[in-house]
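These notes are about the structure you will find just below.
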Amino acid sequence: MISQKLLEGISEQIGQLINSATNSCSDTELEQQIKAILQGAFSRMELVTRDEFDAQSAVLARTRTKLEALQQQLTELEQKQNKAEQ
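Just so it is clear: in the sequence shown, position 40 is 40 by full-length UniProt numbering, and no numbers are missing.
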């Protein structure tokens with residue numbers, strides 16, 4: 001989740017830029033400056049691309065499947081050991 005403090009900072013910077021640039025900048029310059037503010041904010045966040053997220057989700061799903069299989073094997077081995085001890 002994006003922190004409220006970060007959002008407030010971005011909003012404040014853009015607001016100040018718009019107020020100061022209303023008469024002195026063209027729309028293109030204003031757009032470029034807003035993009036620069038947003039790029040700076042995004043670079044401070046720990047964001048990943050959708051592809052990276054999907055890849056890690058797939059790894060997690062495979063790991064979860066393997067863990068469940070190992071838990072089942074462990075349960076079966078424990079049951080066999082308990083039967084052998086009786």
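All residues carry an ideal CB built from backbone N, CA and C; glycine is no exception.
Proximal residues to isoleucine 37 (C-beta, below 8 Å), its chain only, five neighbours per side dropped: Numbered from 1 along the sequence shown, position 37 holds the residue referred to as residue 37. The answer, listed in chain order, is Ile10, Gln13, Ile14 and Leu17.
Which listed residue (Arg44, Val59 and Asn19) has its alpha carbon closest to that of aspartate 51: Start at 1 with the first residue of the sequence shown, and residue 51 comes out as number 51. Selected option, being the one with the closest Cα: Val59.
Taking the alpha-carbon positions, what's the aspartate 27 to isoleucine 34 distance? Position 27 of the sequence shown, counting from 1, holds the residue named residue 27. Position 34 of the sequence shown, counting from 1, holds the residue named residue 34. When rounded, the distance between both Cα atoms is 10 Å.
To the nearest angstrom, how far is it from the Cα of phenylalanine 42 to the Cα of lysine 5? Locating residue 42 in the sequence shown gives position 42, counting from the first residue. Locating residue 5 in the sequence shown gives position 5, counting from the first residue. Rounded to the nearest angstrom, the two C-alpha atoms are 14 Å apart.
Please name the residue, chosen from Gln32, Asn19, Glu31 and Arg44, that lies closest to leucine 7 on a Cα-to-Cα basis. As a first step, residue 7 must be located in the sequence shown, where it is residue number 7. It is Arg44.
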